[in-house]
Amino acid sequence: MPIENRTARLTILIDPRKKAVFERLCADEDTTPSQVVRRLIREYIESASGRPWHAEDEVSSDEASAEQGSRRVSGR
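Following full-length UniProt numbering, the residues of the sequence shown are numbered contiguously, the last one being 76.
This is the structure we're talking about:
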């Protein structure tokens, strides 16, 4: 499996208590919050798309924006 390009940043706002618990649980499992979030996103993509994720399946941001726009227009 090719190494994924990890240069995009995702910024979210969450409850500080959830963040603290999440970070503690990650530390207990000897993993980082980033690793867990990447895994959760990959699992979500696989679940929503119905197929395994492969790094070579990545789409450009232009393609992703076009796909998102077509979903809004068609109501999917």
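Glycine included, C-beta positions come from ideal geometry on N, C-alpha and C. A quick note: this is a predicted structure, and the numbers were derived from the prediction, not measured.
Minimum C-alpha distance to residue i - residue among the options
i	options	result
residue 144	I41, D30, T31 and C26	Lying outside 1 to 76, the shown extent of the chain, residue 144 is not represented and no answer is given.
V21	T11, P33 and I12	P33
T11	R38, I45, G50 and R24	R38
K19	V36, I3 and T7	V36
Residue interval of the alpha helix (DSSP H) (run including residue i)
i	result
R9	Careful: R9 lies outside any alpha helix (DSSP H) and carries neither H nor E.
S52	The amino acid at residue 52 is misidentified as Ser; the sequence shows Pro. Premise fails: P52 is in no alpha helix (DSSP H) and is neither H nor E.
E23	P16 to D28
Beta-carbon proximity check, residue i vs residue j, cutoff 9 Å
i	j	result
N5	A55	yes
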